[in-house]
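**Student:** All residue numbers for the sequence shown refer to the numbering used here, where the first residue is 17 and numbers rise by one. For each residue, glycine too, the CB sits at the ideal point set by N, CA and C. The structure follows.
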Amino acid sequence: MPSDQTNYRLAETMEERVAVGMQKFYRLWQEAHGPGTLPDIQSCQKFIKPFVHKEASTCAAGHLHRVHTEVTQKRDRDIAHDIMISNAGVDERLLMDHL
Numbered sequence: 017m018p019s020d021q022t023n024y025r026l027a028e029t030m031e032e033r034v035a036v037g038m039q040k041f042y043r044l045w046q047e048a049h050g051p052g053t054l055p056d057i058q059s060c061q062k063f064i065k066p067f068v069h070k071e072a073s074t075c076a077a078g079h080l081h082r083v084h085t086e087v088t089q090k091r092d093r094d095i096a097h098d099i100m101i102s103n104a105g106v107d108e109r110l111l112m113d114h115l
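Here's what the structure looks like:
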């Protein structure tokens, strides 16, 4: 369960990590511009951009890893099947007494 004490390294989900970044930005903004002031959209975008990009890249890498694993497993099965078929042909020819 996240709390106000959650830090970026201990955050468990993408939402928590981005929220930690947003909280940090808002805290810094209020220290610089006074309490009760809201940052403009461009300032928010500039600060939060690396957090969002990192989470999107991590998500994409996880998806690619899953796809890669599925493709690799299918290819491994296909190769094993081809080896079994080839072994049958080798065994058949080894048992031949003449052409």
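1) At which residue ranges does the segment 35-64 contain complete beta strand (DSSP E) runs of 3 or more residues, listed in the order of the chain?
2) Measuring CB to CB, does Tyr-24 end up less than 9 Å from Arg-33?
3) Count the C-beta pairs between the segment 73-93 and the segment 43-51 that are closer than 8 Å, then say yes if the count reaches three, no if not.
4) From His-79 to Glu-86, what distance separates their C-alpha atoms?
5) Using the C-alpha atoms, what's the distance from Thr-29 back to Phe-67?
6) Would you report the Cα separation of Asp-98 and Val-106, rounded to the nearest angstrom?
7) Does Arg-25 come out as helix, strand or coil in the three-state DSSP assignment?
8) When we look at the beta-carbon of Gly-50 and count the other beta-carbons within 10 Å, is it buried (16 or more) or exposed?
9) Taking only the alpha-carbon atoms, compute the straight-line gap between Ala-35 and His-81 and give it to the nearest angstrom.
**Tutor:** By the coordinates alone:
1) none
2) The residue labelled residue 24 in the question sits at position 8 within the sequence shown. The residue labelled residue 33 in the question sits at position 17 within the sequence shown. Yes, these two residues count as a Cβ contact at 9 Å.
3) no
4) Residue 79 sits at position 63 when you count from the first residue of the sequence shown. Residue 86 sits at position 70 when you count from the first residue of the sequence shown. If you take the alpha carbons of His-79 and Glu-86, they lie about 11 Å apart.
5) On the sequence shown, position 51 is the one that residue 67 refers to. On the sequence shown, position 13 is the one that residue 29 refers to. Taking the straight line from one Cα to the other gives about 12 Å.
6) Position 82 of the sequence shown, counted from the start, is the residue given in the question as residue 98. Position 90 of the sequence shown, counted from the start, is the residue given in the question as residue 106. If I take the Cα positions, the gap works out to 12 Å.
7) By 1-based counting over the sequence shown, the position of residue 25 is 9. DSSP places Arg-25 in coil when its eight states are reduced to three.
8) Translated into the one-based positions of the sequence shown, residue 50 becomes position 34. Classification for Gly-50: exposed.
9) Looking up residue 35 in the sequence shown gives position 19. Looking up residue 81 in the sequence shown gives position 65. Roughly 26 Å separates the two Cα atoms.
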